[in-house]
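**Student:**
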Amino acid sequence: LLVIAFVSYFGAKLHRPKIIAVGCVLMSLGTFLMAMPHFISGRYKIETSARSSVNSTSNLSPCPVSCVRESSVSMLVYVFLGNVLRGIGETPIQPLGISYIDDYAESKNAALYIGCVQTISIIGPVFGYLLGSLCAKIYVDIGYVDEETVNITPSDARWVGAWWLGYIIAGIITLMAAVPFWFLPKSLPVPVEKHDTSCTPEQTRFIKDSPEFMPTLKRLLKNQFFIIYLLVTIIQFNSLIGMVTYKPKYIEQHYGQSASKANFLMGVINIPAVALGMFSGGVVMMKFNLGVMGAAKFAFGTSLLGYFLSLFFFAMGCDNAKVAGITLSYAGVEGVSYQEKSLFSNCNSNCLCSGREWDPVCGQNGITYVSPCLAGCTSFSGSGKNMVFNNCRCLPLANPQPGNLTVVLGQCPRSDSCDKIFPYFLALSVLSSFIISLGGTPGFVFIQPELKSFALGIHTLATRTLAGIPAPIYFGAVIDTTCLKWGNKVCGGRGALNLIWIFTFRWKIAACSSFTLNSFFH
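With full-length UniProt numbering, the residue at position 150 of the sequence shown is 150, and numbering never jumps.
Here's what the structure looks like:
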């Protein structure tokens with residue numbers, strides 16, 4: 001972000017393909033660096049109460065605060081430096097790449113080519129989500145531990161996939177991508193029509209001959225259409241980035257899907273819809289030869305229609321997961337006001353259970369219990385993922401049944417009605433994503449040709465600074481307010497989000513996403 005404006009400005013004077021190649025190498029190094037914490041940190045410890053004696057479940061052993069703080073700081077250094085290198089390397093790709101193509105394209109085809117480039121840039125996240133889905137199925141410490149001893153599945157909130165593997169693969173691919181860019185020529189033959197209709201030789205030489213950076217910036221900022229477009233896209237990018245970041249989490253928590261499946265669906269359904277929408281927007285621009293006002297009206301109409309479609313998400317909700325002591329009482333009565341003491345009942349009062357652990361088990365009565373101990377179980381059989389807990393005294397309170405009452409590892413599946421709603425949610429998500437992205441292509445038709453590279457850089461700087469950075473932060477803060485049960489770190493402190501309040505989660509996410517409505521009034 002600190003160098004993007006300067007790279008966009010001065011990069012137009014230099015060998016743009018080679019600058020992009022150097023950027024790819026830096027991105028590759030940064031990606032490898034971000035995978036380093038896995039290789040220098042210890043093995044992942046699962047929060048569980050499934051020990052040799054379920055009856056004697058005790059509180060987590062406290063550790064000095066410094067053990068977490070020192071480890072966290074050292075790992076953050078690698079992630080921070082890796083992101084810095086990736087950010088610097090990524091800087092020249094979009095502004096210099098698009099301007100390189102735009103300089104040697106005929107004017108009537110410019111919108112189509114930009115649409116193609118933006119479409120291709122969307123295909124990357126498709127493979128990224130698919131790769132993430134594959135890595136999420138693989139246990140984080142693969143090769144270091146015996147997977148037969150792991151007693152959780154990918155659908156468990158405590159599961160951690162091989163996140164580092166994706167960075168290794170992405171780093172190799174990025175390094176290979178630098179090779180063809182290095183051998184591209186500095187310039188290509190310019191169409192005669194472009195010289196005649198787009199700009200004069202004096203305009204073409206403007207960036208090369210301009211000795212000052214600030215006058216060029218002032219000239220760009222005086223373009224009212226560019227400022228309006230910049231404000232609108234900042235608002236829309238806040239909504240887009242927030243939803244893209246947390247939509248897999250929404251699918252996991254709301255519809256009971258695994259992280260692997262949520263990432264897979266984002267990759268094969270949502271992202272291609274966005275890519276197709278951006279490409280179609282470029283085709284419409286070329287087909288109807290839309291000018292500045294036509295492009296603005298087109299973007300306004302598609303964004304407004306997409307927003308109204310997204311309101312239907314409110315009607316596609318599921319009920320809260322049935323968790324004893326959190327969303328309903330041990331007697332099966334809903335509407336419990338959760339506190340840690342509500343996890344305890346007469347059926348588990350003599351078991352010395354911990355209320356801090358999250359080791360969910362599913363009972364025969366369809367209710368999830370926070371741990372086998374809190375379900376009142378007195379014995380177990382089997383091992384690993386096939387472990388079964390027996391003689392669970394809390395189950396008859398909600399649904400009296402004779403005989404040996406057992407629970408199995410993992411949360412209970414969602415209701416059938418929730419499974420029926422899920423396909424409609426996916427269909428509406430695809431449709432709204434496609435319609436909104438239709439207006440994403442025709443953004444720079446009002447920029448002077450000699451300023452497009454610089455304008456793209458300023459646009460990228462503004463959207464990443466004012467949308468890419470804050471959106472995940474405030475979306476995450478809002479989601480945290482809907483949490484009902486937090487996990488715990490091994491050495492103390494709050495861990496990952498284990499269980500949310502579904503209704504509150506749904507309307508708060510929708511409220512944050514509707515922030516894009518403000519862009520209509522610009």
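Think of the CB as a built atom: it goes at the ideal place given N, C-alpha and C, for glycine as much as any other residue.
Check each candidate in L134, C353 and L451 and name the one with the smallest Cα separation from F264.
**Tutor:** Position 264 of the sequence shown, counted from the start, is the residue given in the question as residue 264. Answer by Cα proximity: L134.
**Student:** Check the DSSP bridge columns for Y139 and list the partner residues they point to.
**Tutor:** Reading the sequence shown from its first residue, position 139 is the one you call residue 139. Bridge pairing for Y139: G161 [DSSP].
**Student:** Rounded to a whole number of angstroms, what is the C-alpha to C-alpha distance between M316 and Q257?
**Tutor:** Residue 316 sits at position 316 when you count from the first residue of the sequence shown. Residue 257 sits at position 257 when you count from the first residue of the sequence shown. So the alpha carbons of these two residues sit roughly 15 angstroms apart.
**Student:** In terms of residues, what are the limits of the beta strand (DSSP E) holding A275?
**Tutor:** One-based indexing of the sequence shown puts residue 275 at position 275. Segment I271 to F288 is the alpha helix (DSSP H) holding A275; no beta strand (DSSP E) there.
**Student:** So, do the region 298–318 and the region 475–487 have three or more beta carbon pairs nearer to each other than 8 angstroms?
**Tutor:** no
**Student:** Decide if F505 is buried, meaning its Cβ has at least 16 other Cβ atoms within 10 Å, or exposed.
**Tutor:** Indexing the sequence shown from 1 puts residue 505 at position 505. Buried, by the Cβ-count rule.
**Student:** Which of helix, strand or coil does DSSP assign to T368?
**Tutor:** For this step, residue 368 is matched to residue 368 along the sequence shown. Here T368 sits in strand by DSSP.
**Student:** Would the beta-carbon of Y255 fall within 8 angstroms of that of F422?
**Tutor:** In the sequence shown, residue 255 corresponds to position 255, counting from 1. In the sequence shown, residue 422 corresponds to position 422, counting from 1. In terms of Cβ geometry, Y255 and F422 form a close pair [threshold 8 angstroms].
**Student:** In angstroms, rounded to a whole number, what distance separates the CA positions of N223 and S437?
**Tutor:** For the purposes of this step, residue 223 is taken as residue 223 along the sequence shown, with counting starting at 1. For the purposes of this step, residue 437 is taken as residue 437 along the sequence shown, with counting starting at 1. In a straight line, the C-alpha of N223 is about 24 angstroms away from that of S437.
**Student:** Looking at C-alpha atoms only, which residue of K341, V333, I326 and R393 is the closest neighbour of W501?
**Tutor:** Position 501 of the sequence shown, counted from the start, is the residue given in the question as residue 501. Answer by Cα proximity: I326.
**Student:** Count the other C-beta atoms from every protein chain shown that fall within 10 angstroms of the C-beta of S198, then say buried if there are 16 or more, exposed otherwise.
**Tutor:** Stepping through the sequence shown from its first residue, residue 198 is reached at position 198. With a pLDDT of 45 at S198, under the threshold of 50, the modelled position of this residue cannot be trusted; read the value that follows with caution. When all chains shown are included, S198 counts as buried.
**Student:** By the three-class DSSP mapping on this structure, what secondary structure does F389 have?
**Tutor:** Residue mapping note: residue 389 aligns to position 389 of the sequence shown, counting from 1. F389: strand per DSSP, three-state reduction.
**Student:** Around the Cβ of M214, are there at least 16 other Cβ atoms within 10 angstroms (buried) or fewer (exposed)?
**Tutor:** In the sequence shown, the residue the question calls residue 214 occupies position 214. Answer is exposed; the Cβ neighbour count stays below 16.
**Student:** Would the region 81–99 and the region 16–30 be scored as touching if the rule is three or more Cβ pairs under 8 angstroms?
**Tutor:** yes
**Student:** State the Cα-Cα distance for the pair A136 and S155, rounded to the nearest angstrom.
**Tutor:** Along the sequence shown, one-based indexing puts residue 136 at 136. Along the sequence shown, one-based indexing puts residue 155 at 155. Approximately 10 angstroms between the Cα atoms of the pair.
**Student:** Just the C-alpha distance for I142 and Y44, rounded to the nearest angstrom, thanks.
**Tutor:** In the sequence shown, the residue the question calls residue 142 occupies position 142. In the sequence shown, the residue the question calls residue 44 occupies position 44. C-alpha separation (whole angstroms): 11 angstroms.
**Student:** Pull up the DSSP beta-bridge partners for E334, would you.
**Tutor:** In the sequence shown, the residue the question calls residue 334 occupies position 334. Residue pairing of E334 in beta bridges, as defined by DSSP: L328.
**Student:** What whole-angstrom Cβ distance do C347 and R393 have, given they're in contact under 8 angstroms?
**Tutor:** Walking along the sequence shown from the start, residue 347 turns up at place 347. Walking along the sequence shown from the start, residue 393 turns up at place 393. Contact holds; Cβ gap of about 4 angstroms.
**Student:** Tell me whether D359 is buried or exposed, calling it buried when 16 or more other Cβ atoms sit within 10 Å of its Cβ.
**Tutor:** The residue you call residue 359 lines up with position 359 of the sequence shown. In the assembly as shown, D359 is a buried residue. Its beta-carbon has 16 or more other beta-carbons within 10 Å.
**Student:** Spatial neighbours of P125 within its chain, please: CB distance less than 6 angstroms, with the 5 preceding and 5 following residues excluded, ordered by chain position.
**Tutor:** For the purposes of this step, residue 125 is taken as the residue at position 125 of the sequence shown. Only I271 meet the Cβ criterion.
**Student:** Identify, in the order they occur along the chain, each residue of the same chain with its Cβ nearer than 6 angstroms to the Cβ of R205, setting aside the five sequence neighbours on each side.
**Tutor:** As a working mapping, residue 205 is identified with position 205 in the sequence shown. A caution first: R205 carries a pLDDT of 43, below 50, which makes its placement in the model too unreliable to give a value.
**Student:** How long is the line joining the alpha carbons of S303 and L456, rounded to whole angstroms?
**Tutor:** Here the question's residue 303 lines up with position 303 in the sequence shown. Here the question's residue 456 lines up with position 456 in the sequence shown. Spanning the two alpha carbons is a distance of roughly 21 angstroms.
**Student:** Identify whether G495 lies in helix, strand or coil by the three-state DSSP scheme.
**Tutor:** Residue numbering aside, residue 495 sits at position 495 when the sequence shown is read from its first letter. Strand.
**Student:** Can you tell me whether W486 is helix, strand or coil according to DSSP?
**Tutor:** Counted from its first residue, the sequence shown places residue 486 at position 486. Of the three classes helix, strand and coil, the one that applies to W486 here is strand, per DSSP.
**Student:** According to DSSP, simplified to helix, strand and coil, what is F181?
**Tutor:** Here residue 181 corresponds to residue number 181 of the sequence shown, with the count starting at 1. Three-state DSSP puts F181 in a helix.
**Student:** Within the continuous alpha helix (DSSP H) that includes S432, where are the two ends?
**Tutor:** Within the sequence shown, the letter at position 432 stands for residue 432. Looking at the DSSP string, the run of the alpha helix (DSSP H) that includes S432 is D416 to L438.
**Student:** Which of the three DSSP states, helix, strand or coil, is assigned to L409?
**Tutor:** If you number the sequence shown from 1, residue 409 lands on position 409. Correct three-state label for L409: strand.
**Student:** Indicate whether the contact test is met: 3 or more Cβ pairs, each with one atom in the region 25–36 and one in the region 161–175, closer than 8 angstroms.
**Tutor:** yes
**Student:** Between the region 407–416 and the region 367–387, are three or more C-beta pairs nearer than 8 angstroms?
**Tutor:** The region 407–416 is in contact with the region 367–387.
**Student:** Alpha carbon to alpha carbon, how far is G355 from F344? Give it in angstroms, no decimals.
**Tutor:** Stepping through the sequence shown from its first residue, residue 344 is reached at position 344. Stepping through the sequence shown from its first residue, residue 355 is reached at position 355. If you take the alpha carbons of F344 and G355, they lie about 8 angstroms apart.
**Student:** With G384 and T153 assumed to form a contact (beta carbons below 8 angstroms), what rounded beta-carbon distance in angstroms separates them?
**Tutor:** Position 384 of the sequence shown, counting from 1, holds the residue named residue 384. Position 153 of the sequence shown, counting from 1, holds the residue named residue 153. So it is not a contact: roughly 10 angstroms between Cβ atoms.
**Student:** Using the Cα positions of I269 and S381, report the straight-line distance between them to the nearest angstrom.
**Tutor:** The residue you call residue 269 lines up with position 269 of the sequence shown. The residue you call residue 381 lines up with position 381 of the sequence shown. Taking the straight line from one Cα to the other gives about 41 angstroms.
**Student:** Leaving out five residues on either side along the sequence, give the residues of the same chain with a beta carbon under 6 angstroms from the beta carbon of Q253.
**Tutor:** By one-based count along the sequence shown, residue 253 stands at place 253. Same-chain partners within the cutoff: I500.
**Student:** If we ignore side chains and look at the alpha-carbon of each, how far apart do L60 and R494 end up?
**Tutor:** Working through the sequence shown from its first residue, we reach residue 60 at position 60. Working through the sequence shown from its first residue, we reach residue 494 at position 494. Residue confidence is low: L60 scores 33 on pLDDT, short of 50, so the model does not pin down where it sits. Its coordinate-derived value is still stated next. Answer to the nearest angstrom: the Cα atoms are 12 angstroms apart.
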